[in-house]
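First comes the structure, then the notes that go with it.
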Amino acid sequence: MAQQISESELVLMKIIWKNGGAALYALIMEELAKEKNEWKNNTVLTPISWLVEKKFLKVKKIGRRNEYVAVVTEAQAMQTHSFLDRVYGGNVKNLVSTLLRVRPILANRQEARREAEQICWIPENIQEAEQVS
Numbered sequence: 026m027a028q029q030i031s032e033s034e035l036v037l038m039k040i041i042w043k044n045g046g047a048a049l050y051a052l053i054m055e056e057l058a059k060e061k062n063e064w065k066n067n068t069v070l071t072p073i074s075w076l077v078e079k080k081f082l083k084v085k086k087i088g089r090r091n092e093y094v095a096v097v098t099e100a101q102a103m104q105t106h107s108f109l110d111r112v113y114g115g116n117v118k119n120l121v122s123t124l125l126r127v128r129p130i131l132a133n134r135q136e137a138r139r140e141a142e143q144i145c146w147i148p149e150n151i152q153e154a155e156q157v158s
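Here our numbering is used: the sequence shown runs in plain steps of one and ends on residue 158.
Set out below in structure tokens:
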């Protein structure tokens with residue numbers, strides 16, 4: 026699933042997953058109130074409609090009420106929501122390069138390099154990698 030999920034959509038999906046993968050609008054509003062989220066009707070209905078359009082949710086009619094049913098699992102949605110994917114396009118090298126440039130606490134590049142190597146592989150020549158990014 027290539028679609029991205031926004032933060033507000035994720036809040037609503039977590040409520041639905043917590044309720045076994047399906048929830049009525051009233052339950053969603055009740056859970057939001059418990060979490061001290063004071064969203065208004067449209068604030069909830071708009072992201073729900075986006076989730077339906079993106080095929081993360083489907084709507085099941087129960088009389089005059091709508092039950093929102095998760096089409097994807099939480100694990101599947103999290104794959105599309107990962108920080109690395111959203112911010113760095115899934116590229117670990119871009120993340121490490123950024124960290125090496127913005128870490129003012131480290132005394133020098135060699136110290137930063139050793140720290141980064143503990144996290145993941147980085148190129149032998151840092152200057153070369155910085156020119157690429």
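Ideal Cβ positions, reconstructed from N, Cα and C, are used throughout, including at glycine. These numbers come from a predicted model, not from an experiment.
Distance, residue j Cα to residue i Cα
| i | j | result |
| --- | --- | --- |
| Ala58 | Arg139 | 47 Å |
| Trp64 | Lys86 | 23 Å |
| Arg89 | Gln101 | 30 Å |
| Gly46 | Met103 | 15 Å |
| Asn66 | Asn119 | 40 Å |
Within 9 Å, strictly: CB atoms of residue i and residue j
| i | j | result |
| --- | --- | --- |
| Asn44 | Glu32 | no |
Same chain only: Cβ atoms within 8 Å of residue i, ignoring 5 sequence neighbours per side
| i | result |
| --- | --- |
| Trp42 | Ala95, Thr98, Glu99 |
Of the residues the options, the one placed nearest residue i, counting alpha carbons only
| i | options | result |
| --- | --- | --- |
| Leu70 | Leu49, Met103, Lys118, Gln29 | Leu49 |
| Ile30 | Asn66, Asn62, Trp75, Asn67 | Trp75 |
| Ala51 | Asn91, Thr68, Val77 | Asn91 |
Query raised in the report: Does the stretch 34-43 come within contact of the stretch 76-86, defined as at least 3 CB pairs closer than 8 Å?
Result: Contact between the stretch 34-43 and the stretch 76-86 is present, with at least three C-beta pairs closer than 8 Å.
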